[in-house]
Amino acid sequence: MRIRVVVDITKPLCRGRKIGLNKGSEGWFSFKHERLPNFCYWCGLLTHEEKDCNYWLKNQEVLSREEQGYVDKDKSKKPTGSSWKRIVRNPVSPTSPARRSPTTLRSKRAHQPMIDLDFKRDPKKNKAAVDSVHELSIMVRKKDPIVLFLSETKLDENQLEVLRCQWRFRGKFVVPSRGQSGGLVMYWSGCMRVSISSYSQHHIDAVLDYQSPNAWRFTGFYGSPTVEGKATAWSILRTLRTHHTLPWLCAGDFNKLLSGSEKWGRRPRPEHQMSQFRQVVDDCGFMDLGFTGPAYTWCNNQTGYSRVLKHLDRSLATTDWLLRFPNCLVHHMHMAWEADCRGSPMFRVSEKIKASRRSLHRWSKQCFGSVRFSIEVKTRQLEREEATALALQNVQGIMDEDGIWQQEEDKIELAVVSYYKSLFTSANLGDMEEVLNGVSRVVSSEMNDQLIREFTASEMRQGQQGYMALKLDMSKAYDQVEWVFLEKIMSTMGFHRKWVALMMECVRSVSYSVLINGEPKGYFHPSRGLRQGDPISLYLFLFCAEGLHALLSRAAVSRQLQGLSISRGGPKLTHLFFADDSVLFCRATLMECNTIMEILRKYERASGQQINQDKTTLFFSASTTDITQEEIKHALQLPVIKHYETYLGLPSLVGRSKYASFSQLKEQMWCKVQGWKEKLLTQAGKEVLIKAVIQAIPTYTMHCFKLPKKLCSDLEGIIQNFWWGHKDAARKVHWLKWSSLCRPKCRGGMGFRELMKFNEALLAKQVWRLLHNKESLFYKVFKAKFFPHGTVMEARHSTCASYPWKSILNARHVITKGTRWRIGNGLSTRIWHDKWLPPPSSGNPITPPCVLPHDVCVSSLILDTPAIWNTSLIEQIFSPGDVQLITGLVLSSRRGEDKLIWSREKCGIYSVRSAYRLLCEEMYANEPGCSDTGVWKQFWKKVWSVQVPHKLRQFLWRACTESLPTMVNMQRRCIVPSARCSFCHFEDEDVRHVLWSCPVLSSVWASHGFACKLFRRRHFSFLDILSDLFVLGLGVIIRDGQGLPIAALCKRFMCLHSVDDAEAIAAREALQFVGEIGITDAEFEGDSLTICNALRSQDQSFASFGDIIDEACLLASSLSRCSFSHVKWEGNCVAHLLARRAIDLQEDFLVWLEDVPPYLESVIHLEFRMDRPLRKVEIQVGGNARSASKARPKNACFREALDHSGLIDLRYVGPHFTWCNNHDPPHKTWVRLDRAVATTNWLN
């Protein structure tokens, strides 16, 4: 029943009514209100929200949440009075003081200060706030803004003051938040005077460059999200228009759209709402500045049809402001800010720990002696014990073929050698034709051409009816293969006689001796058998098994064998072969059993194979009667088993206890790490053993079954204990959690596998096979059983299905995430539901379904003749971004079927490696961390590529990840009560302190000059110290035609580059420096032959530094003349000395004009004494890119004027530079322009 009522919104909302019940009783009938646009829990009115309530604003100092009169009430609860109490999650009083919490927000670079903030919200909002502050910190450091305006801060003034100090702004103005909503703040730096003109809950109006002729106005604005508040916000903007006549810029979150195109998804915004905002923009004389970057600035965090994107943030300006700043640009930034951080190789770090290494070596000798000598002694002792045990186990006697016990050594040797001779001697069997007649010719002439062609050098270097199952075991399967049968079956299969002769030569070239009591006895050549362990023997044995396959297939065709089908309409299975493991299937009747035995006898006569009666077993289905079982058992004389425990190393039946079914994996892994040699491995050896052996143990099982989570945790626990050094009862501390160890090495981990994710990636490969390998027996059996009328992606879960099938179904989500459709005829791909658009899109169109039906296929977008896209229809339906992606797809004129391809590999074929990476990347994307992982990938790459022993790289990794057993780490784990350093007793002993800053280590590092330079900087962690090692230094020296210096440049880059990349950067900086000082004629020299050739080449460079070379060539084209040549390193020592001094710079770069730094004077004078050849103009560039040449400036040389006048430059004390251009880096320049000169007479 639905009733429409009229509600007076000027009065509080009614909570309920009393109603009369039977027998005169009364009851309370509660009203439940839903979908209210606005509601105040303080006064019960619908005209505003609680944060805008006058009662709350006037009494917020004394009111608390518990005093609210209205609340959302659960249906099952009854009111206990006239007023209800609001139930609040994580209740926090608006007036309660901000408490400190250990929530740490780290900036992009680890050596920046840390800030502690308390976000009084639920965990999801807390994490979002932390991420926002983290990204803002990165942006502020990168952009260095003059003014920063933030809206919806939801923080108090103390917390915003912490951010001001962190971001190094000079001043701030705060509009406090109301409860847990709103809040504005404006920060500004000290380079410009700022005066706050007015403020409200919606804006902060400021005058920049105050009291100067160039003053202008900036307003940070926040529009109200509610309908009622928008009118107030628009009136504020109109009022602000009349306050000043200065050029005006207004930017912020207006919470309003200017046009319908600024919203994507769901229903379009009503036109009258947008017209109000447009009217305000016109009244204020604003113009929208436009933007670059993403088109939308707000998202509702939904997926599918519920997803909504809007453009709510914008910048508006008046005409006079645009005339003053005509080159202004608004950029919408992504969620992950890109950072620029550079550095150089860190191989020098080994020099810093030489003293520590020597001390540790002496300590090891004193405490443990020579561990290697102890191992050798124990090994020799073990060998002696093994020799003694073998002596006790010598053969004392043996029974010969006649049943006589022989004890004499000669007769023991004769009996043993005779047995093996008879085993490997051909029995000259016949009856092969019947077996060979059923073998089909499968080798084509093209295959034979490939097999018999000449071998290359590279190839020489590289190999309700009852059913029954009969599991065969061949006695001495490989040893009794007849060579004649093998040769004939290869010829029957169609192999070329030359290739057959080559294979038989490999088989016949064997000879044997028998080892008796440790001594080889006898020497003979066999006439049958294949060598076990030889890589080719397995394939040759499979050729022989083709004969048995042919006999069984012929019997199935003639209906002598019915076979077994596991589902209606499924294929009939008569046998499964895997090398020498064979299982035969038939009906449980004596007739079919006799047929199988007859086939086996024919195969034995032809191939020499023999059935092992003791190990061959029978298995009957539950529908086979006991009488039939007994008849077959007596007829075949074979044992019967109830079920097979394992087949090919995997459990045949998996019961309810999945953990118990796969517990043998845990035992195998535990046994592998218990060996006495494994306990003596170094960390590097343990890493290899874990990755190559231990983690490979469950891989085979994980291809078919999903391992229980508890079992995976136990297996990972065994690996962790082995990695951290657990021995028997001695337990060690796990200094890092397992998920950190499983990160790739380029992300700061060890690259171990997470077994759960690796299991899913392996099972997803089976899904891929069911999608594409439609000719395989695996596909035919499973399709008939589980998805007869669809694909594996459409199959439903069934409680009665087998565990392997359930495991495969649980891995389908991996295929869904990593695949997309390659369009052929478009008949199999749905437009709105399937992924078919190319990267970098998500695969699905972002355009909501509007014209076409929901289940329409891509074929509706393709014209029949010719096979091209229907561009007009596509442009009518899809957004411009989707149109570009769709029309960029190439269509084939063949109009083949659509193909599901794996988008994570270039070849389009599924790989377990890429799937595992996909699952890991999905997990990393949901974790808080650095927004730009490229720099850190380069950092960790440098750490693991340092040219030092692997144990030192392991030590560096542990130091960078804070996993060393320092006092701080041990106190955190409650191992020690205090974290104070036991040597200096001054600071807590963390990794930075124990390896770097402890006063006891000052004598160690003082002997190293490079370390002394690093001591001048402040470091917050050991990671900062290593980051400072990765500094790219660049030096440029410019000379005139006589070799005298004209200018010099010294620059540093905080980033990591390869040597060639750094050389290219140095060349580009040299060319840019040429243009800045006005040189047009230059000769460039460099000691990097690779870069010099790239600069001289006219072809496009595809190297990693190709873009840098292109930029350098563009700069060179602006010169009237320039050339590039290669010189040796000795001719560039001045520039290299400049580059090495780059680490001493306090700023990013330093420039000398008409002068050089003092430490270069002696080097330059030495070059003149060595009769350095003169050139036109010379510019040397140092760093990792070496030298170049530049021409003289346009104005006359000041040095020539001094020489002509006979004046001498007087020395000075104090600062080196006397003039600065007052620009911000990287355009800041210091020059020495003021000087005193005198004649010789004055000096005398």
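Residues 267 to 1510 (my numbering) make up the sequence shown, in order.
Glycine is no exception: its CB is placed at the ideal position from the N, C-alpha and C atoms.
Cβ-based burial, residue i [other Cβ within 10 Å; buried from 16]
i, result
"Trp-1508", "exposed"
"Ser-1073", "buried"
"Arg-608", "Because Arg-608 carries a pLDDT of 40, less than 50, the predicted location of this residue cannot be relied on, and the following value inherits that uncertainty. The residue is buried, with at least 16 neighbouring Cβ atoms inside 10 Å."
"Phe-807", "buried"
"Ile-893", "exposed"
"Lys-284", "exposed"
"Glu-771", "exposed"
"Phe-1052", "buried"
"Arg-366", "In this prediction, Arg-366 has a pLDDT of 29, which is less than 50 and means its spatial position is unreliable; nothing more can be read from the coordinates."
"His-900", "exposed"
"Arg-1387", "exposed"
"Asp-1365", "exposed"
"Ala-743", "buried"
"Ala-497", "exposed"
"Ala-950", "exposed"
"Val-1503", "exposed"
"Asn-356", "For Asn-356, the predicted model reports a pLDDT of 34, less than 50, meaning its position is unreliable; a value from the coordinates is still stated below. Per the 10 Å Cβ criterion, exposed."
"Gly-729", "Since pLDDT at Gly-729 reaches only 46, below the 50 mark, its modelled position is unreliable, and no value is offered."
"Gln-746", "buried"
Best match in the options for proximity to residue i [C-alpha to C-alpha]
i, options, result
"Gly-1397", "Val-1429, Tyr-1425, Trp-1098", "Val-1429"
"Thr-558", "Cys-594, Phe-552, His-598, Lys-529", "His-598"
"Ala-1314", "Pro-917, Val-1302, Lys-576, Cys-1226", "Val-1302"
"Cys-859", "Arg-1407, Ala-1348, Asn-1359, Tyr-733", "Tyr-733"
"Leu-736", "Ile-956, Leu-902, Arg-825", "Leu-902"
"Ala-561", "Gly-1147, Val-1178, Ser-1269, Arg-707", "Gly-1147"
"Lys-324", "Leu-312, Thr-313, Trp-308", "Trp-308"
"Gln-1338", "Val-1266, Ser-1384, Ser-1180", "Ser-1384"
"Val-1033", "Asp-471, Arg-1019, Thr-1085", "Thr-1085"
"Leu-796", "Val-773, Pro-786, Phe-809, Leu-814", "Val-773"
"Glu-494", "Leu-312, Arg-434, Gln-568", "Leu-312"
"Lys-764", "Gly-784, Arg-270, Ile-718", "Ile-718"
"Phe-1249", "Val-1260, Leu-416, Ser-710", "Val-1260"
"Arg-573", "Arg-533, Asp-586, Arg-1183", "Arg-533"
Boundaries (first-last residue) of the alpha helix (DSSP H) holding residue i
i, result
"His-469", "Note, His-469: premise wrong, no alpha helix (DSSP H); beta strand (DSSP E) at 469–474."
"Thr-1137", "1137–1143"
"Met-857", "856–873"
"Ile-1074", "1069–1075"
"Ala-1191", "1178–1191"
"Trp-990", "975–990"
Delimiting residues of the beta strand (DSSP E) encompassing residue i
i, result
"Pro-786", "785–790"
"Val-451", "450–454"
"Met-759", "That residue, Met-759, is in no beta strand (DSSP E); it is neither H nor E in DSSP."
"Leu-842", "841–844"
"Cys-280", "Taken as a continuous stretch (DSSP letters only), Cys-280 belongs to no beta strand (DSSP E), as it is neither H nor E."
Anticipated Cβ contact below 8 Å, residue i with residue j, distance rounded
i, j, result
"Phe-1390", "Leu-1361", "4 Å"
"Ala-1030", "Ile-1081", "6 Å"
"Asp-1421", "Arg-1498", "6 Å"
"Ser-265", "Glu-748", "This structure does not reach residue 265, given that the chain is present from 267 up to 1510, and the question cannot be answered."
"Glu-679", "Gly-788", "7 Å"
"Cys-970", "Leu-916", "6 Å"
"Lys-248", "Leu-981", "Limits of the chain in this structure are 267 at one end and 1510 at the other, which puts residue 248 out of reach."
"Phe-690", "Tyr-778", "7 Å"
"Met-1531", "Ile-907", "In the structure as shown, the chain begins at 267 and stops at 1510. Residue 1531 is therefore absent and cannot be evaluated."
Do three or more CB pairs link the segment 473–486 to the segment 530–543 at distances below 8 Å? no
Contact the segment 996–1008 vs the segment 1156–1165: 3+ CB pairs below 8 Å: no
The segment 1100–1107 / the segment 518–528 touching (three or more Cβ pairs under 8 Å): no
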